[in-house]
Amino acid sequence: MPEFKKPHALTDAPLHYCPGCTHGIIHRLVAEVIDEMGIEGQTVGVAPVGCSVMAYDYFACDMIEAAHGRAPAVATGVKRANPDTFVFTYQGDGDLAAIGTAEIVHAATRGENITVIFVNNTTYGMTGGQMAPTTLPGQVTQTTPYGRNTNVEGFPIRVCEMLSTLSGVALAERVTVVDPANIRKAKAAIRKGFEFQKNKQGFSIIEVLSTCPTNWGKSPVDAIDWLKENMMPYYPLGVYKEGAIR
Amino acid sequence: MERKLMKGNEALAEAAIRAGCKCFFGYPITPQTEISAYMSKRMPKVGGVFLQAESEVSAINMVYGCASSGIRCMTSSSSPGVSLKSEGVSYIAGADLPCVIINVMRGGPGLGGIQPSQADYWQATKALGHGDFQLLVYAPSSVQEMADTVTKAFDLADKYRMPALILADGLLGQMMEPVAFEDVDISFGDGSDKEWAARGHNNERKHNISNSLYLKPDELEDRIVERFKRYDVIKANHTEAECYKTDDAELIITAYGSVARIAKAAVDAARAKGIKVGLFRPITLWPFPEKELKAACANAENVLCVEMSMGQMIEDVKLALECKKNVEFFGRTGGIVPKPSEILAKIVEMTQKGAE
Ligand SMILES: Cc1ncc(C[n+]2csc(CCOP(=O)(O)OP(=O)(O)O)c2C)c(N)n1
Ligand code: SF4
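If you read the sequences in order, they're chains E and V.
Quick note: the first sequence uses the numbering used here, first residue 3, plus one each step.
Quick note: the second sequence uses the numbering used here, first residue 7, plus one each step.
Next comes the structure, spelled out in structure tokens:
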């Protein structure tokens, strides 16, 4: 039987994530893919602000901490400087779909040869649970205390659907990590993203539906149930686009 | 040595490539667009990278990523675009990364105008972004200097691991003059000589991190204090200025960039009238050449600061002279370039006042 160990691409630093938060699982999946492809030495990760701002302490590859929303531009700089480097960004939904909308759309449409790990937890985790561009209609957050009113706050952004209209995108896939079967699918999607990158076939984004038990005010188990009942109908899992652009 | 007739903006771009700038990230804005246009033509020919970003915010963040890889890179803009870059500049300074930023200034605030201006002196020398940091700031005054200062900016930015800024204006950018380039083979480093670069550790070292976040206040203070020690070394070693007819001058004009050229004409006109005037031209705006200015003003009672703004550098002039001289100001702003005759009139006014 194979031994269950920490992937080499993760350091020994203890993760600071809240109990039951799925950020930890997603970190592990990215690290396992890096290990399996044997690319840790050629990989540069870019983590902007959000709960995962200190990902630079957790991933054992070279890391860059970026300003809020700017990771796709920073990753572009790394990739253009050294096209053979594997470059991934690790971004939250506030980061990617609000303040960093221009950066993600243009990195995608350029077909920037990078892999984006997009963690959608419908909230701004780090700053204490405010409304995010992905907050569901009716969802209560710190800044939508009466529930998100679409007449006032507008509608959530479905990022994979939006980006899949762009010609530069090789992979846009939505996954989740609520159970072992889905975790395996999530890992396969991340692997696919890195393979597209390896073959210089275009931009890849893997959106991971994730929990934020702390700001949702739920136990880890209830948070998983809430994700299944509320997020999965609004954000259907699946492949939105797949195919080399070059 | 190669001599060419070039626009200031193009000379600067060519010199950057010869200095080993591999990647250029731009966004169109008047009056610096020739830099992007030149780079887009030349970079693919020499194996470099030209990329037009979606905004100045993105352009400076591309620079941040590229600089993190240990590769020489540059971005250029004009005043409104430079304001947008300030977030990225602060992160670059906070992560101790070298890069070069160009500001070909135009009139402001807001959208302002597209004519030459020097109204971004404060922004460049005091606060191009939040937090405790400085940029190296060069102010070229000729097409040749557009080329020369960009080379120095790359070298010092690398040496001291900090961003450097070239503060030019529309006049210098558009002006055509002969420029000489050293014969060099164009070559770009790959960052492997930079032990701090986050470019993939190749399983040969611990991972590098490009970062400006320090949640523990004592760690953050240590980082900043270390940075300011480097700034002290720069202040002691890298100030630059030009003195023109200052030896016997009773009145010293201080001016930088294109205005210094106009001031020179006013100095000559005043000298022709028998008035002993000289020009002091800072080439580095940060660090400001304080001791050089003090020395140049040793025999002068009067100092006239001339700028294309409402008066920004004048504060550094007064500080350097410790309020021991009479410092007055003449400026035009909003895109209006001062005339030599206007400066001469102010010189005559000041010297007559002294005689009364
Ligand atoms: C320019 C800027 N604005 C605001 C912030 C404050 N801030 C830090 S993290 C964050 C939200 C992060 O939310 P998200 O991207 O959804 O990631 P999560 O924390 O949920 O993982 C905000 C607004 C900042 N750091 N920088
Ligand atoms: S605040 Fe939410 S997203 Fe952030 S670590 Fe805690 S549970 Fe995870």
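Quick reminder that beta carbons are idealized off the backbone N, C-alpha and C, glycines included.
Give me the Cα-Cα distance between residue i and residue j, rounded to the nearest whole angstrom.
i, j, result
"T252/V", "G96/E", "58 Å"
"G337/V", "K158/V", "29 Å"
"K249/E", "F88/E", "This structure does not reach residue 249/E, given that chain E is present from 3 up to 248, and the question cannot be answered."
"F157/E", "L138/E", "8 Å"
"I66/V", "E355/V", "46 Å"
"A130/V", "M49/V", "27 Å"
"T39/V", "E67/E", "30 Å"
"K300/V", "G284/V", "13 Å"
"R30/E", "L134/V", "39 Å"
"T155/V", "Y144/V", "6 Å"
"E188/V", "S198/V", "25 Å"
"A43/V", "G76/V", "25 Å"
"E321/V", "V55/V", "40 Å"
"V333/V", "K324/V", "7 Å"
"I208/E", "R193/E", "10 Å"
"V149/V", "R233/V", "32 Å"
"P288/V", "H207/V", "42 Å"
"P223/V", "P34/V", "39 Å"
"L221/V", "A261/V", "42 Å"
"M68/V", "E114/E", "12 Å"
"G26/E", "Y92/E", "12 Å"
"D196/V", "W202/V", "13 Å"
Less than 7 Å between the beta carbons of residue i and residue j, yes or no?
i, j, result
"N122/E", "T136/E", "yes"
"G149/E", "G204/E", "no"
"I108/V", "I172/V", "yes"
"A75/E", "E34/E", "no"
"M80/V", "F30/V", "yes"
"I259/V", "V343/V", "no"
"I215/V", "M3/E", "no"
"E93/V", "H108/E", "no"
"V51/E", "H70/E", "yes"
"S74/V", "A204/V", "yes"
"E6/V", "K282/V", "A query on residue 6/V cannot be resolved here, the shown segment of chain V reaching from 7 to 362 and no further."
"Y58/E", "T13/E", "no"
"G26/V", "M152/V", "no"
"I28/E", "V210/E", "yes"
"R229/V", "Y166/V", "no"
"Y70/V", "Q318/V", "no"
"G22/E", "P182/E", "no"
"C249/V", "A302/V", "yes"
I'd like the list of long-range same chain contacts for residue i, defined as Cβ closer than 6 Å, with 5 residues on each side in sequence excluded.
i, result
"S218/V", "Y97, G100 and A101"
"G131/E", "T125, T143, Q144 and N217"
"P9/E", "A33, E34 and D37"
"N184/E", "T178"
"G94/E", "G52 and V121"
"A125/V", "G114 and S315"
"P20/E", "Reading off the sequence, residue 20/E comes out as Cys, not Pro. Within the same chain, C20/E has close Cβ partners T216."
"I41/V", "N15, A19 and S82"
Consult DSSP for residue i and reduce its assignment to one of helix, strand or coil.
i, result
"G22/E", "coil"
"G317/V", "coil"
"A190/E", "helix"
"K330/V", "coil"
"P74/E", "helix"
"C249/V", "strand"
"V149/V", "helix"
"S193/V", "coil"
"Q256/E", "The structure shown does not extend to residue 256/E, since chain E is modelled only from 3 through 248, so no value can be given for it."
"K202/E", "coil"
"F120/E", "strand"
"Y262/V", "coil"
Round the Cβ separation of residue i and residue j to the nearest angstrom and send it over; I've been treating them as touching at under 8 Å.
i, j, result
"L18/V", "E62/V", "Rounded, the Cβ-Cβ distance is 18 Å, inconsistent with contact."
"A100/E", "A77/E", "That belief does not hold up - the Cβ atoms of A100/E and A77/E are roughly 18 Å apart, past 8 Å."
"P104/V", "M168/V", "7 Å"
"K28/V", "A83/E", "7 Å"
"E307/V", "K331/V", "6 Å"
Residues in the same chain with beta-carbon distance under 7 Å from residue i, minus the five sequence neighbours each way, listed in chain order, please.
i, result
"P37/V", "S84, V110, R112, I120, G176, G179 and Q180"
"K352/V", "L310 and F336"
"K243/E", "S166, V171, L173 and A174"
"G340/V", "G113 and G119"
"F196/E", "V35, M39, F88 and T117"
"P293/V", "I240, K241, H244 and T245"
"G140/E", "G149 and R150"
For ligand 4, is there a heavy atom less than 6 Å away from the beta-carbon of residue i?
i, result
"T103/E", "Ligands present in the displayed structure are limited to ligand 1 and ligand 2, and ligand 4 is not among them."
Leaving out five residues on either side along the sequence, give the residues of the same chain with a beta carbon under 8 Å from the beta carbon of residue i.
i, result
"N209/V", "none"
"I247/E", "G113, S169, G170, V171, A172, Q203, G204 and F205"
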